[in-house]
Amino acid sequence: MSCEVKNRIVFGNHKGGVGKSVLLFHTACEIAKSNPDNYVLVIDFTELGDVSKLFLGGVGNESKTDEGIGQQRLAANWKSGKTTTHLLQRAKESNLVDDLPEPQGQDSDKPRDMIDMFTLLSLGEHTGEMIDIQQFFVRPGVIRGDKHIPKNLHLIPSAGERQKHGQFPAKELMNIKSSLFDALENGLDNKWIVLMDTDGDRSFSEYSLIAFAIARHVVIPLEADPFDFKRVRTLISEINSMQENRQSNSKVKQIVWNKVTPYRDEASEVSSLYKPSTFDMDMILALNKCLHTIATDTKGTGLFSADVCGENFTRDISTCVRTFGMSGGLAGYFGIPFCTDVVVAEWPKLELEGVKLPSANAKQISKMKANIELFAQRILSQDTESLAYQ
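Here it is as structure tokens:
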């Protein structure tokens with residue numbers, strides 16, 4: 001399988017703790033493994049860098065120290081200048097906004113930082129030098145020296161504790177967004193699939209605004225909880241506002257009901273792989289109806305990839321991902337994706353306080369792999385239209 005469509009997908013939610021970074025980790029590895037003729041790039045826009053730690057060796061300890069190996073390697077990337085913070089600093093200095101031709105018509109008298117990004121980029125060829133975004137890439141599979149992470153997967157890691165999300169002046173922010181959009185749109189060919197992680201804040205941080213501005217599609221992971229769901233309307237409203245102001249063209253591709261507990265391994269109304277409990281399934285179906293109402297309210301903006309008038313809207317736009325449980329926790333501890341070719345029996349063994357803990361359950365890992373594989377196919381399978389400069 002090979003993906004020949006430019007994909008830039010941001011994972012976002014206004015709530016932390018829903019499993020967004022863990023889901024992105026397993027999904028990115030699955031996409032890379034299933035598409036060996038493509039390249040996968042993960043950009044970590046978060047402050048804590050959880051997904052970076054997973055790629056770089058997991059959240060667990062390599063020795064008696066309190067720092068996991070993933071955290072230790074984050075510090076090494078900072079020293080080498082290969083982090084999201086370094087990338088944004090380079091983009092800020094690009095002066096792309098000033099290198100574009102003069103605006104015409106109704107925009108001719110506006111300061112450039114007051115013109116929307118897509119209008120600016122449609123003015124013509126800029127005279128400056130495009131950012132070489134690949135100079136900020138690291139290859140987790142090479143850094144780790146193991147067989148778990150596909151070799152065609154690349155990462156721009158978070159700077160971890162050094163990555164403080166401050167405010168950018170308007171012109172600097174426009175330079176950053178325009179330069180990154182240009183570098184990803186014109187500097188990488190169609191064989192690149194880009195996934196971006198963002199913080200689960202109550203509102204967009206500056207880093208999250210940048211990620212949503214340069215994305216083509218949005219994945220929103222959340223739990224099937226009515227209190228969590230309230231945040232979705234706020235998030236979609238903010239994405240809608242960005243579209244109306246022509247600061248983003250991203251479409252919502254998938255709502256992910258994460259951490260769903262299967263009741264039986266048989267097809268159901270909400271999953272082709274398993275059936276949740278009756279209560280959980282009724283809750284998901286009800287929330288899907290709420291989702292359809294929200295989508296209908298924002299229909300005029302073209303915010304959703306799926307046809308909001310279609311009978312199968314909620315089936316097409318939502319996916320269930322089973323709870324990863326303790327076996328999934330061990331996978332995260334060691335930074336091992338479910339799609340790894342290394343059999344579970346050969347995974348590292350965990351020992352705490354001199355007590356050897358059980359290994360991950362191979363059958364459970366296999367079921368989780370199947371679920372992630374299905375989800376990965378869904379987020380790559382839909383519309384192919386170009387969103388650039390519209």
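Residue numbers (the UniProt record's numbering): 1 to 390.
All C-beta atoms in this analysis are idealised placements derived from N, C-alpha and C, irrespective of residue type, glycine included.
Just the C-alpha distance for residue i and residue j, rounded to the nearest angstrom, thanks.
{"i": "residue 317", "j": "residue 311", "result": "12 Å"}
{"i": "residue 195", "j": "residue 232", "result": "20 Å"}
{"i": "residue 76", "j": "residue 251", "result": "35 Å"}
{"i": "residue 373", "j": "residue 256", "result": "14 Å"}
{"i": "residue 9", "j": "residue 146", "result": "27 Å"}
{"i": "residue 197", "j": "residue 85", "result": "14 Å"}
{"i": "residue 152", "j": "residue 33", "result": "8 Å"}
{"i": "residue 292", "j": "residue 302", "result": "14 Å"}
{"i": "residue 25", "j": "residue 281", "result": "26 Å"}
{"i": "residue 101", "j": "residue 304", "result": "With a pLDDT of 48 at residue 101, under the threshold of 50, the modelled position of that residue is not reliable, and the figure given next carries that caveat. For residue 101 and residue 304, the distance between alpha carbons rounds to 33 Å."}
{"i": "residue 177", "j": "residue 191", "result": "22 Å"}
{"i": "residue 243", "j": "residue 6", "result": "20 Å"}
{"i": "residue 224", "j": "residue 200", "result": "17 Å"}
{"i": "residue 352", "j": "residue 159", "result": "29 Å"}
{"i": "residue 42", "j": "residue 363", "result": "28 Å"}
{"i": "residue 229", "j": "residue 354", "result": "43 Å"}
{"i": "residue 91", "j": "residue 290", "result": "39 Å"}
{"i": "residue 254", "j": "residue 214", "result": "17 Å"}
{"i": "residue 313", "j": "residue 306", "result": "6 Å"}
{"i": "residue 235", "j": "residue 16", "result": "13 Å"}
{"i": "residue 46", "j": "residue 167", "result": "15 Å"}
{"i": "residue 132", "j": "residue 37", "result": "22 Å"}
{"i": "residue 341", "j": "residue 171", "result": "47 Å"}
{"i": "residue 361", "j": "residue 287", "result": "32 Å"}
{"i": "residue 18", "j": "residue 258", "result": "7 Å"}
{"i": "residue 249", "j": "residue 188", "result": "19 Å"}
{"i": "residue 204", "j": "residue 186", "result": "26 Å"}
{"i": "residue 309", "j": "residue 296", "result": "8 Å"}
{"i": "residue 377", "j": "residue 219", "result": "13 Å"}
{"i": "residue 141", "j": "residue 148", "result": "7 Å"}
{"i": "residue 129", "j": "residue 22", "result": "36 Å"}
{"i": "residue 64", "j": "residue 52", "result": "Unreliable positioning characterises residue 64 in this predicted model, as indicated by a pLDDT of 48, which lies under 50. The coordinate reading is nonetheless provided below. So the alpha carbons of these two residues sit roughly 21 Å apart."}
{"i": "residue 183", "j": "residue 347", "result": "38 Å"}
{"i": "residue 144", "j": "residue 241", "result": "41 Å"}
{"i": "residue 267", "j": "residue 276", "result": "10 Å"}
{"i": "residue 262", "j": "residue 269", "result": "13 Å"}
{"i": "residue 173", "j": "residue 217", "result": "21 Å"}
{"i": "residue 381", "j": "residue 356", "result": "43 Å"}
Going by DSSP, what residue range makes up the beta strand (DSSP E) through residue i?
{"i": "residue 318", "result": "318 to 322"}
{"i": "residue 287", "result": "It is not in any beta strand (DSSP E) - residue 287 instead sits in the alpha helix (DSSP H) that spans 278 to 297."}
{"i": "residue 254", "result": "251 to 260"}
{"i": "residue 10", "result": "7 to 11"}
Could you tell me whether the Cβ atoms of residue i and residue j are closer together than 9 Å?
{"i": "residue 319", "j": "residue 271", "result": "yes"}
{"i": "residue 13", "j": "residue 222", "result": "yes"}
{"i": "residue 72", "j": "residue 57", "result": "yes"}
{"i": "residue 328", "j": "residue 365", "result": "yes"}
{"i": "residue 81", "j": "residue 69", "result": "no"}
{"i": "residue 88", "j": "residue 274", "result": "no"}
{"i": "residue 368", "j": "residue 338", "result": "yes"}
{"i": "residue 284", "j": "residue 27", "result": "no"}
{"i": "residue 396", "j": "residue 321", "result": "Outside the displayed span of the chain (1 to 390) sits residue 396, for which this structure offers no information."}
{"i": "residue 157", "j": "residue 138", "result": "yes"}
{"i": "residue 212", "j": "residue 193", "result": "no"}
{"i": "residue 155", "j": "residue 265", "result": "no"}
{"i": "residue 175", "j": "residue 237", "result": "no"}
Going by the DSSP bridge assignment, what does residue i pair with across the sheet?
{"i": "residue 14", "result": "Looking at the DSSP assignment, residue 14 forms no beta bridge with any residue, so it has no partner."}
{"i": "residue 401", "result": "Because residue 401 is not part of the residues shown, which for the chain are 1 to 390, the question remains open."}
{"i": "residue 393", "result": "In the structure as shown, the chain begins at 1 and stops at 390. Residue 393 is therefore absent and cannot be evaluated."}
{"i": "residue 264", "result": "275"}
{"i": "residue 304", "result": "252"}
In terms of residues, what are the limits of the alpha helix (DSSP H) holding residue i?
{"i": "residue 156", "result": "From DSSP, residue 156 is part of no alpha helix (DSSP H) but of the beta strand (DSSP E) over 153 to 156."}
{"i": "residue 373", "result": "362 to 380"}
{"i": "residue 143", "result": "140 to 144"}
{"i": "residue 175", "result": "170 to 187"}
{"i": "residue 329", "result": "325 to 334"}
Less than 9 Å between CB atoms is the rule here; does residue i satisfy it with respect to chain C?
{"i": "residue 316", "result": "In the structure shown, chain C does not exist; there is a single protein chain."}
Review point. For the stretch 33 to 99, which segments carrying the alpha helix (DSSP H) assignment without a break, of at least 4 residues, lie completely within its bounds, in sequence order?
Key: 50 to 55, 69 to 80, 84 to 92, 96 to 99
Practice item. Run through the stretch 193 to 239 for me and flag every whole beta strand (DSSP E) of 3 or more residues, listed as ranges in chain order. Key: 217 to 222
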